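Please read the structure below before turning to the comments.
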């Protein structure tokens, strides 16, 4: 283990091959998070409108 | 005794038929299927006799290849980019598309276009996957960019361990077979997308450690299998130009690499098991295993998956034992080391057989379900898009008749087994002293080929009856 770490300079540069995968996974995660947020926003907006005291359904009938 | 053992093992693994994917009606054959099987057996015996009489020295390895045209570099770049785009399509459709198998492009792209289409194209045009491989293209592009940005950044890779050989590829193909045939979630679009990314990661790691070309030739499961199939093609790309050669002659020069026989046994076993799992024999076995497992406290779905896994492993063991028994019979007096060498040296003779089963088993799937790729290309996510105006395209089941399908399967099995005999005979001439010793060593191969062909055809005829 120590020997592997001591020679890190020999193999660390090779990890650059994994960069495209890291980039791709990063893009996928960011897109998923954005999608979920975008989906949540209309839902919370709809809930706010439905629960608002001045909505037409909740307004007391005179 | 060994011949009997080998023949009985052949009986176990014989249902390498196309029954699992047969979707057309009854074949209208001019003579009974049993006569076709008898005819095929006669062709094999006659081929063996002809080889024994007329083929007395190794010829295939010495056959030259002729250069046709120079392939420009943009072909590499374009096909590599196409491969990366298709991988991206699997990932995006799998993660964001509808999760129904028929609504999403990912399963069709992976299990039909990639798994069946690429080897069929490789049989005709040569090793196209070497250029299409998305992992190889990404690794090459990364190495090129890294070299441009920081010259001398990437050091020389580790030498590939000879003993490791193609075992990683065999393990990868077995894992793919499990996803295709055993593990039901493995066919779902989102699982396929995640598995594609994991496989990409494993390939890039392998290429980083052992170098792009060494890993592609030995560790990439699909690269190894498609390259072996492409050795049967009349075309080969060498040093930037396209060469034409006698089909299959490349296999005579195939080096003895550990794990090659394992790769081919996995391929034959997975195709055989795909047919076997449709039979009543397997149904009763599956129910027994499922009941045992469910009795131990697992769910019915897990029980079924375990039964299927047990079936796949048993089929693989039967195929491997058949091959080992055949090789042992070739050299009864040989030492253990010599037998191990023979196991490696004779492995290429399995390539035409594995390719024949692939064509016979999956041809109908490619011909019919493959058409669905046009519809799904227009609507890859199942979201109602129509990019190419083919979203409403259906499957034309009249494109190949049941009779034509039967002849394709018959032809594939027959050509594959005759090719296997020729290759085996040519290899035996190189490995044994004298033509008569070589011919004697191949008698057991003839028995096996006849068993495979006759039983394969009888099951094919049952499927189309």
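Chains as they are written, first to last, in the working numbering: chain A, 712 to 773; chain B, 950 to 1414.
Beta carbons are placed, not taken as given, at the ideal position from N, Cα and C, and that holds for glycine.
All of these numbers come straight from a predicted model, not from anything done at the bench.
Are residue i and residue j touching if we call contact CB-CB under 8 Å?
i	j	result
residue 1329/B	residue 1046/B	yes
residue 1154/B	residue 1039/B	no
residue 1378/B	residue 1398/B	no
residue 1063/B	residue 1130/B	no
residue 1007/B	residue 1375/B	yes
residue 1016/B	residue 1192/B	yes
residue 1134/B	residue 1048/B	no
residue 1197/B	residue 1210/B	no
residue 1372/B	residue 997/B	no
residue 993/B	residue 1366/B	yes
residue 730/A	residue 1091/B	yes
residue 989/B	residue 1402/B	yes
If the cut is a Cβ gap below 9 Å, which residues of chain A does residue i touch?
i	result
residue 1035/B	Going along chain A, no residue has its Cβ under 9 Å from residue 1035/B, so there is no contact; the nearest lies around 14 Å.
residue 1103/B	724, 725, 727, 728
At a CB-CB cut-off below 7 Å, which residues of chain A make contact with residue i?
i	result
residue 1330/B	Those within 7 Å of residue 1330/B in chain A number zero; the least Cβ separation is about 13 Å.
Could you pull out every residue in the same chain whose Cβ sits closer than 8 Å to the Cβ of residue i, ignoring the five residues on either side in sequence?
i	result
residue 725/A	none
residue 1190/B	1016, 1017, 1018, 1019, 1020
residue 1114/B	1167, 1206, 1207, 1208, 1209
residue 756/A	none
residue 1030/B	1086
residue 1308/B	1069, 1072, 1357, 1358, 1361, 1365
residue 740/A	none
What does DSSP give as the partner residue(s) for residue i in the beta ladder?
i	result
residue 1193/B	1015/B, 1184/B
For residue i, which residues from the same chain have a beta carbon less than 6 Å from its beta carbon, with the 5 sequence-adjacent residues on both sides left out?
i	result
residue 1165/B	1085, 1172
residue 1042/B	1053, 1054, 1055, 1329, 1330
residue 1391/B	1373, 1374, 1377
residue 1293/B	1205
Note down, in chain order, every chain A residue with its Cβ under 8 Å from the Cβ of residue i.
i	result
residue 1334/B	None at all; the shortest Cβ gap to chain A is about 17 Å.
residue 1044/B	739, 743
By Cβ distance below 7 Å, which residues in the same chain neighbour residue i in space, the five residues on each side in sequence not counted?
i	result
residue 1132/B	1254
residue 1122/B	1170, 1174, 1212, 1215, 1216
residue 1074/B	1182, 1184
residue 1070/B	1077
residue 1231/B	1225, 1260
residue 1072/B	1178, 1181, 1182, 1304
residue 1415/B	Only positions 950 to 1414 of chain B appear in this structure, which leaves residue 1415/B out of reach.
Which residues in chain B sit within 7 Å of residue i, going by Cβ to Cβ distance?
i	result
residue 734/A	Neighbours of residue 734/A on chain B: none; closest Cβ ~10 Å, over 7 Å.
Between the region 1146-1175 of chain B and chain A, which residues of the former have CB atoms less than 8 Å from a CB of the latter, in chain order? Correct list: 1146, 1149, 1150, 1153, 1154, 1156, 1157, 1158.
Counting only Cβ-Cβ distances shorter than 8 Å, please list the residues of the region 1066-1095 of chain B near chain A, keeping chain order. Of all residues in the region 1066-1095 of chain B, 1087, 1088, 1090, 1091, 1092, 1095 have a Cβ within less than 8 Å of some Cβ in chain A.
Of all the residues that make up the region 738-754 of chain A, which are near chain B by a beta-carbon distance shorter than 9 Å? Hits within the stretch, in order: 739, 742, 743, 746.
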